[in-house]
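> Dropping the structure in here first, questions after.
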Amino acid sequence: MQIKAMRDVFLAALYEEMENDKSIFFLAADFGSPILDKIRAQYPSRFINVGIAEQNLINVATGLALEGFKVFAYAIAPFITMRCFEQIRVNVSVLSSIREMNINIIGVGAGVSYAMSGPTHHCLEDLSIMRTLPNIEVFSPSDYVTAEMYVKRALSMQTPKYIRFDAQPLGALREDIIEFDKGFDVLHRGQKVAIISTGYMSHKAITMAKDLNVTLIDLYLINQYDHAKLKEALHEFDTLVTLEEAFANSGGLDAEINFHFKDKKIINLGFDKKYTFDIGSREFIHQHNGLGMERIKMILMENVL
Amino acid sequence: MKNNLLKEKATFIRIETLRIHKIAQETRVASSLSPIEIFVALYYGKILQFNPHNPRDEYRDRFIISKGHGSISMYPLLADLGFFDKEELKHVCKEGTFLGGIPDPIIPGYETVNGSLGHGLGVGCGMALALKTKDQLQNVVVLTGDGELDEGSNWEAIMFAPQHQLDNLTLIVDYNKVSMLDFSKNIIDLNSLNAKFEAFHWDVYEVKEGHNVEEVYDLLKEAINHRNGKPKVVIVNTIKGKGVPFLETHPLSHILSVKPEDIDVLIKELEDAN
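Quick note, the sequences are listed as chains W and L, same order. The first sequence begins at 1 in the working numbering and counts up by one. The second sequence begins at 1001 in the working numbering and counts up by one.
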């Protein structure tokens, strides 16, 4: 199976768009990728590395967006969401209530995808804190197919967005998504239980969903999905399991689903609410923090039987 | 002739600002009094291009007031120039108005969200960059206070602007030397502020007497229209609470109000002096 980094595929598609759409402007906070080198070389007047300065990254992005540019601001996920959270709140969330701005905040390194780098580079809070802000769409893709499809939406919607990319190359979970704008994709249809997962966790869940024959829904527009359609997809299920590589019970995917499906039994699985200094593979870190494969499987089996 | 007009307008705006404070005691009067000559020079002196009938006219100069709280004096100015009805000035901070204690861009003439300090300069850098990229000739002007320069985000922007040769960007510092709880020098002393900006490769201008509207006008006009590859800063030495004697020397002037009955006396004095 082919594996690809979401950011590379997304940036490659964006690079193509930059040729015809002169209003695309790319800002990075001293964080790269091979495709970014191409953007920098080909469009030097629409690419700036602002340096290691996330607050200024967001502020400069705001100024460009107010002047009509479609701006992409790019950095490591924990830094671009938390170092400059107040810049995002004031200049993106608040200001976009009044003035139109197409500003796309791209964070690379969802969850513990930088497994070895420790708590500063893990990003377990972004789903919650970005979801708490009005006016910002939170996009959490699980594979490069979803990431690539988002480019058109990002360019056409004149509103702020937060884009959460995994740091590691991953395989594709589908070839295409029908009705992309509905915000979720049913990866497997099963019985009794429906798992709603996002990002990397959809990769972990897919085999289990098939083995246990439960439904698996990959939710990628965390706060902008089609509510009626998701309701319909979950209609026959009394039990839901939410699955996210983010702190549990902290306002992320679990809060979104719990709030809208109060009539169902919902089991919330997320990262234990503590910082981890464990060194090891992603699965090793998951095992030590409540998201190990075996634990998830056991909880699912308890509810399927 | 022009100088007389600017002086008259400065007095007029000072009086109207005090009138607003009389009905809206929660407004920050001291920090709104210090930049009055700056506002008057920019607008009545027509250093800035603006269009009251279309406040977001593409051909306007962009003016970001980063020290939002300290710009209640913009309300009478914008109303006088026709950005909105003067009648609105009677309702500042009253239910249903758009003129609050801290101005936001729901007010015609304001560009950005203010109130949280240290945001304006970075946003101004983005606008200046955008205008250059689009080959538009308009200027970007940002006003900050001096206490506001404590915010680190300003210094990220201060390093960014010369790197990208943003000579269409001018920062005006309302250097009134009082922060919220004390004189700025007792909190974070900016020391040689001119030398700091010079070290960061900005063109530095200093207005010695920030309430001499002629001097303010001359230097702002020169700085804003000068383009030589470098961003410009105009440090304007002002007095916080200018026009209200007890505020002018008080380290807590930022959070002090002037009693409504005292305002009538002050207004009378300002009118007579003119």
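A virtual CB, placed ideally from N, CA and C, is assigned to each residue, including glycine. Nothing here was measured: the structure is a model prediction, and the numbers come from that model.
#1: Would you say Asp1146 (chain L) and Leu1190 (chain L) are within 8 Å of each other, going by their C-beta atoms?
#2: What are the complete beta strand (DSSP E) segments, minimum 3 residues, inside the region 39–78 of chain W?
#3: Would you mind working out which of L:Lys1177, L:Asn1212 and L:Asn1228 sits nearest His1201 (chain L), comparing C-alpha positions?
#4: Take every Cβ of the region 1087–1094 of chain L, pair it with every Cβ of the region 1029–1041 of chain L, and state whether three or more of those distances are shorter than 8 Å.
#5: Does the beta carbon of Ile1172 (chain L) come closer than 8 Å to any beta carbon on chain W?
#6: Looking at Phe139 (chain W) and Phe72 (chain W), is the spacing between their C-beta atoms short of 8 Å?
#7: Quick check on Gly171 (chain W): buried or exposed, where buried means 16 or more other Cβ atoms within 10 Å of its Cβ?
#8: What residue range does the beta strand (DSSP E) around Ser128 (chain W) cover?
#9: Please report the distance separating the alpha-carbon of Ile98 (chain W) from that of Pro1105 (chain L).
#10: Taking Cβ positions only, does Ile98 (chain W) come closer than 8 Å to chain L?
#11: How is Ile981 (chain L) classed by DSSP in three states: helix, strand or coil?
#12: At a CB-CB cut-off below 7 Å, which residues of chain W make contact with Met1127 (chain L)?
#13: Going by CA-CA distance only, name the one from W:Ile39, W:Leu212, W:Asp218 and W:Ala75 that's closest to Glu19 (chain W).
#14: The region 32–59 of chain W: which residues have C-beta closer than 8 Å to a C-beta of chain L, in chain order?
#15: Please state the DSSP three-state secondary structure of Ser1034 (chain L).
#16: Closer than 9 Å by beta-carbon distance: list the chain W residues that pair up with Lys1134 (chain L), in chain order.
#17: Near Lys1022 (chain L), what residues of its chain come up, given a Cβ to Cβ distance below 6 Å and the 5 sequence neighbours on each side ignored?
#18: Take the Cβ of Tyr220 (chain W) as the centre, count every other Cβ of all protein chains shown within 10 Å, and call the residue buried at 16 or more, exposed below.
#19: Quick one: list the residues of chain L neighbouring Leu95 (chain W), beta-carbon separation under 8 Å, in chain order.
#20: In angstroms with no decimal places, state the Cα-to-Cα distance between Leu1219 (chain L) and Phe1083 (chain L).
#21: From the DSSP output, read off the bridge partner residues of Ile103 (chain W).
#22: Nearest to Gly1100 (chain L) by CA position, among L:Leu1247, L:Thr1027 and L:Tyr1205, is which residue?
#23: What are the start and end residues of each continuous beta strand (DSSP E) run of 3 or more residues lying completely inside the region 118–177 of chain W, in chain order?
#24: List, in chain order, every chain W residue whose beta-carbon is nearer than 7 Å to that of Ala1130 (chain L).
#25: For the region 14–29 of chain W, which residues have a beta carbon sitting closer than 7 Å to at least one beta carbon of chain L?
#26: Does any C-beta atom of chain W lie closer than 8 Å to the C-beta of Phe1083 (chain L)?
#27: For Thr1017 (chain L), name the three-state secondary structure that DSSP assigns.
#28: Whose CA, out of W:Ser197, W:Val304, W:Ile266 and W:Ala53, lies closest to the CA of Asp211 (chain W)?
#29: Relative to chain W, which residues along the region 1145–1160 of chain L have a C-beta separation below 7 Å, given in chain order?
#30: Kindly indicate if chain L contains any beta-carbon less than 8 Å away from that of Gln87 (chain W).
#31: Which runs of the alpha helix (DSSP H), 4 residues or longer, sit entirely within the region 1161–1224 of chain L?
#32: Quick check on Val1265 (chain L): buried or exposed, where buried means 16 or more other Cβ atoms within 10 Å of its Cβ?
#33: Between the Cα of Gly68 (chain W) and those of L:Gln1136, L:Val1213 and L:Lys1196, spot the shortest distance and give me the residue it belongs to.
#34: Contact check, Val1140 (chain L) vs Arg1062 (chain L) under 8 Å by CB: the rounded distance?
#35: So with Cβ pairs under 8 Å, would you call His1119 (chain L) a contact of chain W?
#36: In terms of residues, what are the limits of the alpha helix (DSSP H) holding Leu300 (chain W)?
Checking against the coordinates, here is how it stands:
#1: yes
#2: 47–49 and 70–76
#3: L:Asn1228
#4: no
#5: no
#6: no
#7: exposed
#8: Premise fails: Ser128 (chain W) lies in the alpha helix (DSSP H), Asp126 to Arg131, not in any beta strand (DSSP E).
#9: 7 Å
#10: yes
#11: What is shown of chain L runs 1001 to 1274, which leaves residue 981 (chain L) out entirely.
#12: Gly63, Leu66 and Glu67
#13: W:Ile39
#14: Ser45, Arg46, Ile48, Val50, Gly51, Ala53, Gln55, Asn56, Ile58 and Asn59
#15: coil
#16: Glu67, Gly68 and Phe69
#17: Excluding residues within five positions, the ones whose Cβ falls inside 6 Å are Pro1260 and Ile1263.
#18: buried
#19: Pro1105, Thr1112 and Val1113
#20: 26 Å
#21: W:Val71
#22: L:Thr1027
#23: 137–139 and 161–165
#24: For Ala1130 (chain L), the neighbours in chain W by C-beta distance under 7 Å run, in chain order, Gly63, Leu64, Glu67 and Phe69.
#25: none
#26: At a cut-off of 8 Å, the C-beta of Phe1083 (chain L) has no neighbouring C-beta in chain W.
#27: helix
#28: W:Val304
#29: Ser1153, Glu1156, Ala1157 and Phe1160
#30: yes
#31: 1193–1199
#32: exposed
#33: L:Gln1136
#34: Correct: roughly 5 Å between the Cβ atoms.
#35: yes
#36: Met293 to Val304
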